[in-house]
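S.K.:
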Ligand SMILES: [Zn+2]
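In my numbering, the protein residues as written are 3 to 497.
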């Protein structure tokens, strides 16, 4: 029998988690990872069984199904903070009761309910009482809330025509309305990374050997970092050179997301940005907040207008990235955007006071694939939020640094969006805070500071890599031989 086929047969569940880590087949060929409903244990094979998520009506009642994760010591990663490890479960989900086995991890809520999550039997087999892949995808693809069309998307004019002092009050009003909802945690949400880690750790527990996986970033860098800017108004266009100068002082480059309608742009100006080594991306059409909710034909017209406008200015330019104004998004928008660009940066890992939902986000600090696009999450809270909240400068820096330090420890992606517009970062205080952050980031020698398009290209490349065992040595099979990346195989060892 084909050995490869035989190996594949035992990995029925959690395929996307195996793919995320790039765990080599050699580690998996002796173990069984399958759904409990197909329970079949191979002779002498250690097993990970996964209870499929109960078929439930995915009714969402925010706040009512928040559970915290309690782990046995041997499973806790060094970067985990117990206060921030909560998950949301769909309402009406019920789980099997397995309190007789050794419980490695359970979930509990404020009402005193407990659910065993990961268990180990006497033969050292692991049981996931809740499908970890379901939990990851449930959060990653934001199925835990119902997006709403914001009020200002319904007004008949572009809301930027309202004076800035009115616009910046809207999120404050939203905050009062929705202060009861506490999920996902902000500014750090760690449970998707925690569940992914637990999956890898459990394979190690059953196989009792060190586990190889492909490092998340090339060139031996511990984490990736990028700087992006939304240019919402003409005042922002005028301030581009100043922000760019700040970055240049630290040898950094960034991506600029421009509207295709609403202010004046010239080929000379855009060429200047590209000559400096920056990237030009699309920030929708005119920032009226309606883009994500229009009829598909109109969305398509607006996106294709933007792409061709930049092409008309500079025929050689290729727009690879997109961010929707105010992060407002819909599946139909993303599917159309995927026809024109390679990656999207409209989705934060966790966000508060947003127009999409009071709290939302992919809950992950790693890129992922969605609707035919590579999604790079926005992971450092953007300047606009702090302007709405009137957060003092020292506090902004504290949050930015804390989040950056945490992402560095986990090895994810830091991405900071600052607006060059006068009412956001295009002023003395904004420049100072941004400059201080750049100074902080520049001291992190293990950061891969690069453009989002480079991160998206790398993530696509990594996706097509595989670790293989060649005569006892682990090697990486790459999609093409002439690549520029230096790749690293890492190992999860006991503790
Ligand atoms: Zn914007």
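Where is the CB? At the ideal position from N, CA and C, for every residue including glycine.
All of these numbers come straight from a predicted model, not from anything done at the bench.
Suppose the cutoff is 8 angstroms on Cβ atoms and the five residues either side in sequence are ignored; what does the same chain contact list for residue 17 look like?
M.R.: Within the same chain, residue 17 has close Cβ partners 135.
S.K.: How would the residue list near ligand 1 read, in chain order, if you kept each one whose beta-carbon is closer than 5 angstroms to any heavy atom?
M.R.: This criterion selects 232, 234 and 327.
S.K.: On a Cα-Cα basis, can you pick out the residue from 337, 326, 202 and 361 that is closest to residue 1?
M.R.: Given a span of 3 to 497 for the chain in the structure shown, any question on residue 1 remains unanswerable.
S.K.: Starting from the C-beta of residue 359, find all residues in its chain whose C-beta is less than 7 angstroms away, skip the five residues before and the five after it, and write them out in chain order.
M.R.: The residues are 147, 149 and 150.
S.K.: Short of 7 angstroms in beta carbon distance, which residues of its chain neighbour residue 110, apart from the five on each side in sequence? Order them along the chain.
M.R.: Hits under 7 angstroms: 69, 70, 72 and 116.
S.K.: Determine the closest residue to residue 318 out of 300, 281 and 287, with distance taken between C-alpha atoms.
M.R.: Taking only the C-alpha atoms, the option nearest residue 318 is 281.
S.K.: Between residue 379 and residue 349, is the Cβ-Cβ spacing less than 8 angstroms?
M.R.: Yes, they are a contact pair.
S.K.: By the 10 Å Cβ neighbour count, where 16 or more other Cβ atoms means buried, how is residue 307 classified, buried or exposed?
M.R.: Flag for residue 307 reads exposed.
S.K.: Measure from the alpha carbon of residue 184 to the alpha carbon of each residue in 216, 86, 142 and 199, then state which is nearest.
M.R.: Checked all of 216, 86, 142 and 199; the closest Cα to residue 184 is 86.
S.K.: Kindly say whether residue 324, judged by its beta-carbon, lies nearer than 8 angstroms to any beta-carbon of chain D.
M.R.: The chain inventory of the structure shown lacks chain D, comprising one protein chain alone.
S.K.: I'd like the span of the beta strand (DSSP E) that includes residue 67, first residue to last.
M.R.: Element bounds for residue 67: n/a, residue is neither H nor E.
S.K.: Could you give the distance in angstroms between the alpha-carbon of residue 252 and the alpha-carbon of residue 453?
M.R.: Those two C-alpha atoms are separated by around 14 angstroms.
S.K.: Tell me the DSSP secondary structure of residue 178 in three-state form.
M.R.: Residue placement at residue 178 cannot be trusted, given a pLDDT of 48 that sits under 50; what the coordinates show is reported in the next sentence. Note: residue 178 maps to helix in three-state DSSP.
S.K.: To the nearest angstrom, how far is it from the Cα of residue 127 to the Cα of residue 403?
M.R.: If you take the alpha carbons of residue 127 and residue 403, they lie about 41 angstroms apart.
S.K.: If you count every other CB in all the chains shown that lies within 10 Å of the CB of residue 101, and 16 or more means buried, which is it?
M.R.: That one is exposed.
S.K.: Report the rounded CA-to-CA distance for residue 500 versus residue 426, giving the unit in angstroms.
M.R.: In the structure displayed, the chain extends from 3 to 497; residue 500 sits before or after that span and is not available.
S.K.: Report the residue from 446, 50, 383 and 375 whose alpha carbon sits nearest the alpha carbon of residue 202.
M.R.: Comparing Cα positions, the closest option is 50.
S.K.: Quick check on residue 569: buried or exposed, where buried means 16 or more other Cβ atoms within 10 Å of its Cβ?
M.R.: This structure gives no information on residue 569, because the portion of the chain shown stretches from 3 to 497.
S.K.: Tell me whether the stretch 255–267 and the stretch 234–247 touch, counting them as touching only if at least three CB pairs, one residue from each stretch, are closer than 8 angstroms.
M.R.: Judged by Cβ distances under 8 angstroms, the stretch 255–267 makes contact with the stretch 234–247, as three or more pairs qualify.
S.K.: Using beta-carbon positions only, say whether residue 469 and residue 478 come within less than 8 angstroms of one another.
M.R.: The answer is yes: Cβ separation under 8 angstroms.
S.K.: Need the endpoints of the alpha helix (DSSP H) that residue 462 sits in, please.
M.R.: Counting along the chain, the alpha helix (DSSP H) containing residue 462 begins and ends at 454–465.
S.K.: Can you list, in chain order, the residues of its chain whose CB lies under 6 angstroms from that of residue 424, leaving out five sequence neighbours each side?
M.R.: Counting only Cβ-Cβ distances below 6 angstroms, and skipping sequence neighbours, we find 237.
S.K.: For my contact list, residue 120 and residue 106 are in at a C-beta cut-off of 8 angstroms; report their separation, rounded to the angstrom.
M.R.: The pair is a contact, with the Cβ atoms about 4 angstroms apart (cut-off 8 angstroms).
S.K.: Could you tell me which residues DSSP pairs with residue 479 in its beta bridges?
M.R.: Per DSSP, 468.
S.K.: What does the Cβ neighbour count give for residue 36, buried or exposed, with the cut at 16 atoms within 10 Å?
M.R.: By the neighbour-count rule (16 or more Cβ atoms within 10 Å), residue 36 is buried.
S.K.: Compute the Euclidean distance between the alpha carbons of residue 459 and residue 124, then round it to the nearest angstrom.
M.R.: Those two C-alpha atoms are separated by around 45 angstroms.
S.K.: In terms of residue numbering, what span does the alpha helix (DSSP H) encompassing residue 411 cover?
M.R.: Its alpha helix (DSSP H) spans residues 395–412.
S.K.: If you compare alpha carbons, which of 463, 433, 89 and 82 is closest to residue 22?
M.R.: It is 463 whose Cα lies nearest to the Cα of residue 22.
S.K.: Using the three-state DSSP reduction, which class does residue 357 fall into: helix, strand or coil?
M.R.: Coil.
S.K.: Here's a check: name, in chain order, each residue in its chain whose Cβ is nearer than 8 angstroms to the Cβ of residue 553, leaving out the five neighbours to either side.
M.R.: Any answer about residue 553 is impossible in this case: the structure gives the chain only from 3 up to 497.
S.K.: Put residue 327 into one of helix, strand or coil per three-state DSSP.
M.R.: Residue state, collapsed to three classes: helix.
S.K.: The alpha helix (DSSP H) with residue 230 in it runs from where to where?
M.R.: Premise fails: residue 230 lies in the beta strand (DSSP E), 225–233, not in any alpha helix (DSSP H).
S.K.: What did DSSP end up calling residue 347 once you bin it into helix, strand or coil?
M.R.: Here residue 347 sits in coil by DSSP.
S.K.: Would you kindly report the start and end of the unbroken beta strand (DSSP E) that includes residue 36?
M.R.: Here the beta strand (DSSP E) through residue 36 covers 34–37.
S.K.: What would DSSP say about residue 135, mapped onto helix, strand or coil?
M.R.: Correct three-state label for residue 135: helix.
S.K.: How about residue 23: is its Cβ closer than 7 angstroms to a heavy atom in ligand 3?
M.R.: Absent from the structure shown: ligand 3. Ligands present: ligand 1.
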